[in-house]
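A.B. asks: Just so you know, we're using our numbering here: the sequence shown kicks off at 172 and counts up by one.
Just so you know, even glycine gets a beta-carbon here, dropped at the ideal spot from N, CA and C.
These figures come from a predicted structure and were not determined experimentally.
First, the structure itself, so that you have it in front of you.
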Amino acid sequence: MSHDHHHGPHSHHHHHIDPNAGDARVAGAIAVNLFLTLAQIVGGVVSGSMALIADAIHNLSDAIALVIAFGARKIARKPRDGTMTFGYGRAEVVAAMVNYTSLIIISVYLFAEGVSRLFNPPEIAGWTVVIVALIALVVDLVTAALTYSMSKDSLNIRAAFLHNLADAATSVAVIVAGVVILIWDWRLIDPLLTIAIALYILWQSFAEIRPVIRILMLGAPTDTKADDVAAAMAEIEGVEDVHHIHLWQIDERRTSVEAHVVISGEATPVLTELKSVLRERFSIAHSTLEVEAPGAGCAGEVAGTQPLA
């Protein structure tokens, strides 16, 4: 059996930001959010405004999402060991799962809240709430600026970014609804906007959680099909058959394959060529290939086990 543990550069055209610079950005976003949360709680207690305290709690959930993302980034960079033989890269995928799940819960709550307010429109909140929402929006935009470029390259940061985007949308809704209510006294605008935002967050969360679930379910990368990999392997001279192929993503940046390969003649040069094709054509850095002689039958079937594929 041949194992290829090449963990070199991965050619999926990512433009990575230096990890330490990335950490500093996320830490900065956490600090900004925590500062705003504290300021809003103090302001809410002093002014007696429940709206301020409610918004502070909302912002705290943003900070927590960023803390989860930050922690996962750190864990993911730990070297592999005897317990975690694939390394800790999936920590970021798990963090994304946690953050998207919490976003789905938040959006369902917002939707329910919006529907209940349709039948019981809110009282006029006053300009204080509009001003507070404006401050919150500024903080959300600062957070977005710090994490936007990183969100394109990481499932983990994208989940925290979407948390932030949801918060920014909520702030915009508070501002618009506040102004409309104060000027025209049309109170239905508040629940209608809340429902619209909840549905948008729900739609985005479900769209973004799919690749996260696929990785956790050992799915193949979206741009690589197991049949295509098997066909490319079978084209190599000396390869008579490829079966029992399993292709899965270890994390966002690493793909792994295992397969049974029937090779006629000397196996070593054929294996070298196979590994080269897997690396260069499919960016598969880790491959485990079991060599079988022609006509020998599959090892899995000889052992009396059910073939996997």
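1) Quick one: grab the DSSP three-state call for Asn191.
2) Just to confirm, are Leu312 and Ala267 a CB contact at a threshold of 8 Å?
3) By how many angstroms is the C-alpha of Ile372 removed from the C-alpha of Leu479?
4) How would you call Ile384, buried or exposed, if buried means at least 16 neighbouring beta carbons within 10 angstroms?
5) Roughly how many angstroms separate the alpha carbons of Leu460 and Glu429, rounded to a whole number?
6) Rounded to a whole number of angstroms, what is the C-alpha to C-alpha distance between Val300 and Ile346?
7) Given that a residue counts as buried once 16 or more other Cβ atoms are within 10 Å of its Cβ, and exposed if not, what is Thr341?
8) When the Cα atoms are used, what is the spatial distance from Leu305 to Val343?
9) Whole-angstrom Cβ separation of Gly368 and Leu281, contact assumed at under 8 Å?
10) Which same chain residues end up closer than 8 Å to Leu308 when comparing Cβ atoms and leaving out the 5 residues on each side of it in sequence?
11) Using the Cα positions of Leu317 and Val197, report the straight-line distance between them to the nearest angstrom.
12) For the candidate residues Ile201, Gly214 and Ile434, whose alpha-carbon lies nearest to that of Phe241?
13) So Ile352 packs on Arg358, CB below 8 Å; how close in whole Å?
14) Between Leu387 and Val269, how many whole angstroms is the CB-CB distance? I'm expecting something under 8 Å.
15) Pull up the DSSP beta-bridge partners for Ser427, would you.
16) Can you name the residues that DSSP bridges to Ile328?
17) If we cut at 8 Å on Cβ distances, does Gly390 have a partner in chain B?
18) Which same chain residues end up closer than 7 Å to Ala397 when comparing Cβ atoms and leaving out the 5 residues on each side of it in sequence?
19) Sorted by chain position, which residues of the same chain lie with C-beta nearer than 7 Å to Pro465's C-beta, five sequence neighbours on each side aside?
C.D. replies: According to the structure data:
1) Numbered from 1 along the sequence shown, position 20 holds the residue referred to as residue 191. Note: Asn191 maps to helix in three-state DSSP.
2) The residue given as residue 312 occupies position 141 in the sequence shown. The residue given as residue 267 occupies position 96 in the sequence shown. Not closer than 8 Å, so no.
3) Locating residue 479 in the sequence shown gives position 308, counting from the first residue. Locating residue 372 in the sequence shown gives position 201, counting from the first residue. Since pLDDT at Leu479 reaches only 46, below the 50 mark, its modelled position is unreliable, and the value read off the structure follows with that caveat. For Leu479 and Ile372, the distance between alpha carbons rounds to 39 Å.
4) Your numbering for residue 384 matches position 213 in the sequence shown. Classification of Ile384: exposed, given that the 10 Å Cβ count is below 16.
5) Here the question's residue 460 lines up with position 289 in the sequence shown. Here the question's residue 429 lines up with position 258 in the sequence shown. Taking the straight line from one Cα to the other gives about 6 Å.
6) For the purposes of this step, residue 300 is taken as residue 129 along the sequence shown, with counting starting at 1. For the purposes of this step, residue 346 is taken as residue 175 along the sequence shown, with counting starting at 1. Each residue's Cα considered, the two are about 8 Å apart.
7) One-based indexing of the sequence shown puts residue 341 at position 170. The residue in question, Thr341, is buried, as its Cβ has 16 or more Cβ neighbours within 10 Å.
8) As a first step, residue 305 is located in the sequence shown; it is residue number 134 there, counting from the start. As a first step, residue 343 is located in the sequence shown; it is residue number 172 there, counting from the start. One C-alpha to the other measures close to 8 Å.
9) Counting from one through the sequence shown, the residue named residue 368 turns up at place 197. Counting from one through the sequence shown, the residue named residue 281 turns up at place 110. Correcting the residue type first, residue 368 is Ile in the shown sequence and not Gly. Rounded, the Cβ-Cβ distance is 7 Å, consistent with contact.
10) Here residue 308 refers to the residue found at position 137 when the sequence shown is read from its first residue. Cβ neighbours of Leu308 beyond the five flanking positions: Ala339, Ser342, Val343 and Ile346.
11) Position 146 of the sequence shown, counted from the first residue, corresponds to residue 317. Position 26 of the sequence shown, counted from the first residue, corresponds to residue 197. If I take the Cα positions, the gap works out to 7 Å.
12) Along the sequence shown, read from residue 1 onward, the residue named residue 241 stands at position 70. With distances taken between Cα atoms, Phe241 lies closest to Ile201.
13) On the sequence shown, position 181 is the one that residue 352 refers to. On the sequence shown, position 187 is the one that residue 358 refers to. That belief holds up - the Cβ atoms of Ile352 and Arg358 are roughly 6 Å apart, short of 8 Å.
14) Residue 387 sits at position 216 when you count from the first residue of the sequence shown. Residue 269 sits at position 98 when you count from the first residue of the sequence shown. So it is not a contact: roughly 12 Å between Cβ atoms.
15) Against the sequence shown, residue 427 aligns to sequence position 256. Answer by DSSP bridge pairing, in chain order: Trp419 and His457.
16) By one-based count along the sequence shown, residue 328 stands at place 157. The partner list for Ile328 (beta bridge, DSSP) is empty, contrary to what the question assumes.
17) Among the chains in the structure shown there is no chain B, since it carries only a single protein chain.
18) On the sequence shown, residue 397 is found 226 positions in, with the first residue counted as 1. Excluding positions up to five away in sequence, the list reads Ala391, Ile416 and Leu418.
19) If you number the sequence shown from 1, residue 465 lands on position 294. Only Glu411, Val433 and Ser435 meet the Cβ criterion.
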